[in-house]
Amino acid sequence: MYVSDLGASAILLALLFAIYTPVAAVAGALRQSEALVASARRATLAVAAFLLLASGALVASFLLHDFGVSYVAQHSSLSMPWYYVTAAFYGGQEGSLLYWALTLALFSAIFVVTSRRAPAALVPYVLATLMAIEAFFLVVLATVSSPFVRLAHPPADGVGLNPLLMDPGMLLHPPLLLMGYMSFSLPFAFAVAAMITGRLDSEWLRALRRWMLAAWTIQSAGLLMGAWWAYHVLGWGGYWGWDPVENAALLPWLTATAFLHSTMVQERRGMLKVWNLGLVIASFALSIFGTFEVRSGVISSVHSFAYSTIGSYFLAFLALVIVFSLGLFLFRLPRLRAEQEFDSVVSREGIFLVNNLLLVGIAFATLWGTLFPLISAAMRHEEMSVGAPFYNQVTGPLFLLLLLAMGIGPLLAWRRTSFQALRRNLGLPALLAALCAAILPLLGVPSLWANVAFAVCSFTGSAILYELWRGVRVRHRHGESYVRALLMLFARYRRRYGGYLVHLGLLILAVGVIGSHFFQQQSDATLKPGQQVSIAGYQLVYLGNIEDFYPEKDVVVAQFQIWQHGQLLRYIYPGRQIYHNFSDQPASMISITTYGLTDLYVFLEDWQGAAQATIHIYVNPLTVLVWFGGLVLILGGVVCWWPEPPTSLRSGRLVRPLTIAEATTVSDRSPVQAAQEKAVVASAQAVERSATSPTPGPSDSRSREPGEEVSQ
Amino acid sequence: MQSAVVSTQTEKDTVQAPARRRLPAGLLVAGLAIAAAVVYLIVANTRSSAVYYMTIAELKHCTTCSSQAVRVMGVVQPGSIERHDQTLSFVITDNRQSLPVVYSGVVPDIFQAGIQVVVEGYYHGQGTFEAQTLLAKCPSKFQAATPTPSSS
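From first to last, the protein sequence lines stand for chains V and H.
Reminder that position 564 of the first sequence reads as 564 in the numbering used here, one-by-one numbering, no gaps.
Offset between the second sequence (1-based) and the numbering used here: plus 712.
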């Protein structure tokens, strides 16, 4: 009896419970049987427990170096430090699928525990959908892709992890991205549940939106970590290569972003219901596509993946998901009539629609490029592919328009905005953008596109800051200090100001992307000791190579000095490490030094003995902003997501069938307190309105406290 | 807040009104313009930057390959790798035919004899293939997201 046998049994047991849950949940919902639904809840928790056990067994097998387990033998070795050995858990196909299943089970368990807040009629169907997805993964894990397969003759030592994966990025990027893919299951489950029950109301939308926001934030973090890893490990000087695998991760992020915007139109005005459901379904389908594409070998990518049979399983599952949700969707179409009509394009909902079309356009272009080898093979019988220039040229202008819309959008009112209000709100940002466009060429920025892009960024940036300033000013007039006013805005209107934080982060990120895209400089040099190479005002002086020998690897580093303006700034050591079990793959140790906002990125390409080195130098201006902006963006996502303090308004307003709900939420504030707060808020807004514009629109800073949202 | 409540009232009224209007013209125009821009960008850029995948045999009979970039896949022939100063030359083969390649640029970490590579570049009839990019396919198993080597 090995630990791995325990894991294999745990997967089978989890599968049994995962199959039982949808049956019990649906039967419970149809017969109005509370006992059955409660049993489905407990079964979901059991699935999570067994998957924790299975994952624990796999991690234990790794830590015990049980090379009798084929997966352990292939992805770890005795010489690896314990944290990479643990991380090897998700380093291969079988383990990453187990990790996917585990996180889905854990999120489902979180849903079960918190589902008192969710609309009770939906709960059984949400559980059924989640566990049906889980069952698919468990079938794959139990049959074609089991991490617990044992070898008849265990090797003395394992193969070890690919050197590219032996990086701190390995500890964060794959788990975040896989969790991101997985987390689109929850909004999808809500969508399916609502389509089955026909309960497509605002309460449902709010529950769905929170899960989508969580998924979006996790996926953003995963994408950002992936970019950071590529930048630090691969040595080509960039962080995003439009590789099919990267695209696959971006696609659900784009549709989720679109959804998070258009959902506000549905909340406020009861429009775009069909569109929103479509986006939720598309996000999930794309995340399954991403999980599948990475493993199928259908699309050739420089990320190489062993071609395996599970591709066909995933394709079948993807087809099933699409057919099933499309069927439900058509069945519910009559219920999805918009409650209102669009009034004007110059309105908040108008700009949201523009934003959505742009995002979906970008997603479509990315999907088109990714699938182009298949499309061209099918249509013209010639396999063709498109590279990074295609994506840059197609999505660049669209992203730029999106940035512009991001600046205009928050300043527009719902329904329609008067021309004067528009001019008053956009005047200052437009002026700054014009100034920026005039000054940059004088400062010697040669590229027209870069100038346009920076002008758009300054427009949007000043529009966001202006909006923040207006909010702070109103509260300041009510006697709060500026700092406290700003903090209170973020504490009180999390959705709105969290959203601005996301916009600000995205804007900073965009400046970083524009900078590194247009102004990167690079140079190659083969040097002997004492020789130097100059680039962008920096001189790199080569001193020689240093070799170190460790039990598991050899390390070669080239020693350089960085000089600027006749001053020695520092020594750098770009190098290579050659792991003995992957001797054909010398992993890069890239030297990245940041001066101000500019990265000096030095990659040791080749070396001869102790006294010759070939290096590739990239000077990447503003790339730091990509990481900084990304962090701000994630922080904004968390602020948006962070639960609002419960108010009595919420519990008073929620009308739900009490047959299934075990308990109603109890407010921890008295109605009187809440009413007082509401009055304060209302008066503050009234002041703001009168202070900024006579039309109620542009400064439309209504509270987004859940109880106060407009119900349809 | 008060205004939001009031507008809900009026909005409910409009819901009950059966008169359904079309989308406002401005919105329709904006939507169509974006859709057209997306389609145009995709079509134009697909035309200009699509690269053919060819086998070595197809490449040898290609007449447009000196002006249009193509991708060719093959295995690096053992013993054929030569490094001169900045350029790298090697021969790739697909078991039937072989093709000499010259390349200057960043060489992927895992490049070596016997691995599968994809080269992208131009072919002027006879002689060597001038590669602009060199992509190496990892021989190992699935690796969670190991992004692009050497395509800048």
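Glycine residues also receive a C-beta, built at the ideal position from the N, C-alpha and C atoms.
Cutoff 7 Å: residue i Cβ touching any chain H Cβ
i: V/S76; result: no
i: V/M80; result: no
i: V/F390; result: yes
i: V/H232; result: no
i: V/P334; result: no
i: V/F342; result: yes
i: V/Q393; result: yes
i: V/V345; result: yes
i: V/W236; result: yes
i: V/H774; result: Because chain V is modelled from 1 through 712, residue 774 of chain V falls outside the range shown and cannot be assessed.
i: V/G350; result: yes
i: V/L320; result: no
i: V/W449; result: no
i: V/W368; result: yes
i: V/L649; result: The pLDDT assigned to V/L649 is 44, lower than 50, so where the model puts this residue is not dependable; a value taken from the coordinates is nonetheless given after this. By this cut-off, V/L649 is not an interface position.
8 Å contact criterion, which residue i and residue j should meet: CB distance rounded
i: V/M179; j: V/T103; result: 5 Å
i: V/A258; j: V/L279; result: 5 Å
i: V/P621; j: V/F603; result: Their Cβ separation, rounded to whole angstroms, is 17 Å, which puts V/P621 and V/F603 out of contact at 8 Å.
i: V/L398; j: V/L358; result: 5 Å
i: V/F284; j: V/A248; result: Contact doesn't hold; Cβ gap of about 14 Å is too wide.
i: H/G668; j: H/S778; result: This structure does not reach residue 668 of chain H, given that chain H is present from 713 up to 864, and the question cannot be answered.
i: V/G68; j: V/L186; result: That pair is no contact at about 37 Å.
i: V/V144; j: V/T309; result: 6 Å
i: V/G158; j: V/A57; result: 17 Å between Cβ atoms; not a contact.
i: V/S287; j: V/P252; result: 4 Å
i: H/T767; j: H/D806; result: 6 Å
i: V/V728; j: V/L489; result: Nothing in the structure corresponds to residue 728 of chain V, since chain V is present only between 1 and 712.
First through last residue of the beta strand (DSSP E) which encompasses residue i
i: H/H796; result: E794 to H796
i: V/F459; result: From DSSP, V/F459 is part of no beta strand (DSSP E) but of the alpha helix (DSSP H) over L448 to R477.
i: V/P621; result: Q612 to P621
i: V/F603; result: T598 to Q608
i: H/F699; result: Outside the modelled stretch of chain H, which goes from 713 to 864, sits residue 699 of chain H, for which no answer is possible.
7 Å Cβ cutoff, residue i in contact with chain V
i: H/A742; result: yes
i: H/V750; result: yes
i: H/Y834; result: no
i: H/G791; result: no
i: H/L829; result: It is Val, not Leu, that sits at residue 829 of chain H in the sequence shown. Chain V contact via Cβ: absent.
i: H/L846; result: no
i: H/V763; result: yes
i: H/V813; result: no
i: H/L800; result: no
i: H/V704; result: Any property of residue 704 of chain H remains undetermined from this structure, which presents chain H solely from 713 to 864.
Boundaries of the alpha helix (DSSP H) in which residue i is found, first to last residue
i: V/I590; result: Neither: V/I590 is in no alpha helix (DSSP H) and is coded neither H nor E.
i: H/G743; result: A737 to S761
i: V/I133; result: V123 to A142
i: V/A87; result: W82 to A87
i: V/L251; result: P244 to R269
i: V/F342; result: No alpha helix (DSSP H) contains V/F342, which DSSP labels as neither H nor E.
i: V/V556; result: Element bounds for V/V556: not the alpha helix (DSSP H) but the beta strand (DSSP E), K553 to Q564.
i: V/I19; result: V3 to L30
At least three beta-carbon pairs within less than 8 Å, the segment 48-63 of chain V to the segment 2-13 of chain V: With the cut-off at 8 Å, the segment 48-63 of chain V and the segment 2-13 of chain V touch.
Three-pair Cβ contact test at 8 Å for the segment 416-428 of chain V versus the segment 374-387 of chain V: Remark: fewer than three beta-carbon pairs, one from each stretch, lie closer than 8 Å, so the segment 416-428 of chain V and the segment 374-387 of chain V are not flagged as touching.
Chain H contacts made by the segment 354-365 of chain V, where a contact means CB separation under 9 Å: Per Cβ criterion, the list reads V354, L357, L358, V360, G361, I362, F364 and A365.
Selection of the segment 370-388 of chain V by Cβ proximity to chain H, strictly under 8 Å: Those residues of the segment 370-388 of chain V that come within reach of chain H (Cβ to Cβ, closer than 8 Å) are F372, P373, S376, E382, E383, M384, S385, V386, G387 and A388.
Residues, ordered as in the chain, of the segment 512-525 of chain V that lie near chain H by beta-carbon distance below 9 Å: Along the segment 512-525 of chain V, going in chain order, the ones with a CB nearer than 9 Å to a CB of chain H are Q520, Q522 and D524.
Residues of the segment 770-794 of chain H whose Cβ lies closer than 7 Å to any Cβ of chain V, in chain order: Of all residues in the segment 770-794 of chain H, R783 have a Cβ within less than 7 Å of some Cβ in chain V.
Contact the segment 343-352 of chain V vs the segment 274-288 of chain V: 3+ CB pairs below 8 Å: Three or more Cβ pairs closer than 8 Å define a contact, and the segment 343-352 of chain V falls short of that threshold against the segment 274-288 of chain V.
Interface residues of the segment 586-604 of chain V facing chain H [CB-CB below 8 Å]: Identification of residues in the segment 586-604 of chain V having a C-beta nearer than 8 Å to some C-beta of chain H yields P586, A587, S588 and F603, given in sequence order.
Chain H contacts from the segment 205-217 of chain V (Cβ-Cβ distance under 8 Å): Taking 8 Å as the Cβ-Cβ cut-off, the segment 205-217 of chain V has no residue approaching chain H.
Contacting positions in the segment 127-153 of chain V - beta carbon closer than 9 Å to chain H: Answer set for the segment 127-153 of chain V: empty.
Three CB pairs or more closer than 8 Å across the segment 608-625 of chain V and the segment 492-501 of chain V: Contact between the segment 608-625 of chain V and the segment 492-501 of chain V is absent, because fewer than three Cβ pairs lie under 8 Å.
Touching by the beta-carbon criterion (3+ pairs, under 8 Å), the segment 52-67 of chain V and the segment 78-94 of chain V: Touching, yes, given that three or more Cβ pairs across the two stretches are closer than 8 Å.
The segment 94-101 of chain V contacting the segment 127-142 of chain V, beta-carbon criterion three pairs below 8 Å: Taking a cut-off of 8 Å for Cβ pairs, the segment 94-101 of chain V and the segment 127-142 of chain V touch, as three or more such pairs fall below it.
Residues of the segment 254-283 of chain V with Cβ closer than 8 Å to any Cβ of chain H, in chain order: Per Cβ criterion, the list reads R269 and G270.
The segment 634-642 of chain V in contact with the segment 200-220 of chain V per 3-pair CB rule at 8 Å: Pairwise C-beta distances place the segment 634-642 of chain V in contact with the segment 200-220 of chain V, as three or more of them are shorter than 8 Å.
Inter-stretch contact (C-beta, 8 Å, three-pair minimum) for the segment 515-523 of chain V and the segment 554-566 of chain V: With a cut-off of 8 Å, the segment 554-566 of chain V and the segment 515-523 of chain V do not count as touching, because too few Cβ pairs lie within range.
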